[in-house]
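The numbering used here applies: residue 78 is where the sequence shown begins, and numbers increase by one. Okay, so here's the structure we're looking at.
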Amino acid sequence: MVNLETQKTEARGPIVSQPELIEKAAGLNARYRHHSATAVMQGALENAGHIALVSSFGAESVVLLHMAAVIDPIVPVLFVDTELLFTETLVYQQEVSERLGLRNVQIVKAADIAAKDPYGALRFSDTDACCALRKTAPLQAALDGFDGWITGRKRFQAGSRAALEFFEVEETSQGATGRIKINPLAHWAPEDVRAYMTENRLPRHPLVAKGYPSIGCAPCTSPVAAGEDPRAGRWRDQNKEECGIHVVNGKFIRTGA
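This is the structure in structure tokens:
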């Protein structure tokens, strides 16, 4: 595995304009509209440039990781270690990577945590700033070398995702040219995720059985009671629902990777 501290990976292809990216995404959506998740991922890796899979190695992450391992085990997998993750997540990341034979897992870490949050107290005063420091900024830096990235978002996860397409164009808050984002599981339902895990005998994250259907950093994730929204344990009792990875029209929306 490779450890990255905001260093860049391979150079991405020629920068194209936002309208050209939008046109390319529309063409890919038309081509793969009725295809399977596996076909969408394979099509992205073959036709969308230099692509990375971004994974939290969370509750449902193993589905995309398995697909990637079958299609191309050397596809770059970016895993952001915020240094506040559950020990179970760190162990699971290593076990899943080895079991699936993923050969290009890149551990992404912020290089300036010691300077900006030396005592780990930022999460108490400003959770958004903590997420930006430990997750959003280092991931964006790591993605600088890529033309696009694969996410685990699905239509059923939130109202704002009801019309989520397989291919979309990332927008920056400044309106600059973004990247293509690929959502192979956009059309999947919860039962599809469970069925895929069962059929392929994939290992579950150990915290799922302990009441954690959505898993983030340890200090900001709590168990979920029966009947609660699966993400109710994320930033509980705070006016916050996302970490800031996904940006649409300059606004953050929650992540499902």
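The C-beta atom is built at its ideal place from N, Cα and C for all residues, glycine as well.
Going by DSSP, K193 is part of the alpha helix (DSSP H) stretching over I190 to K193. The residue among F243, Y169, P280 and A302 with its C-alpha nearest the C-alpha of H111 is F243. By the Cβ neighbour-count rule, Y196 is exposed, with fewer than 16 other Cβ atoms within 10 Å of its own.
With a cutoff of 8 Å on beta-carbon distance, V139 and W226 are scored as not near each other. Put simply, the backbone Cα of G293 is about 26 Å away from that of E276. When secondary structure is reduced to three states using DSSP, E305 falls in the coil class, being assigned neither helix nor strand. P283 and D306 have their C-alpha atoms some 19 Å from each other.
A206 counts as exposed, since fewer than 16 other C-beta atoms from the protein chains shown sit within 10 angstroms of its C-beta. Within a 10 Å sphere around the beta-carbon of G229 sit 16 or more other beta-carbons, which makes this residue buried. Burial of D224 is indicated by the presence of at least 16 other C-beta atoms within 10 angstroms of its C-beta. Judged by pairs of C-beta atoms under 8 Å, the stretch 149–165 does not touch the stretch 256–265, as fewer than three such pairs exist. Excluding the 5 residues flanking it on each side, A295 has same chain C-beta neighbours closer than 7 Å at L161, L162 and F163, in chain order. In terms of CA proximity to V152, V182 leads the group A136, V173, Y169 and V182. Under DSSP, V157 takes part in a beta bridge, and its partners are V185. In the three-state DSSP reduction, G225 falls in the strand class (E or B). Using a Cβ distance threshold of 8 Å, L241 and A263 count as a contacting pair.
When only Cα atoms are considered, P280 and F201 end up about 33 Å apart.
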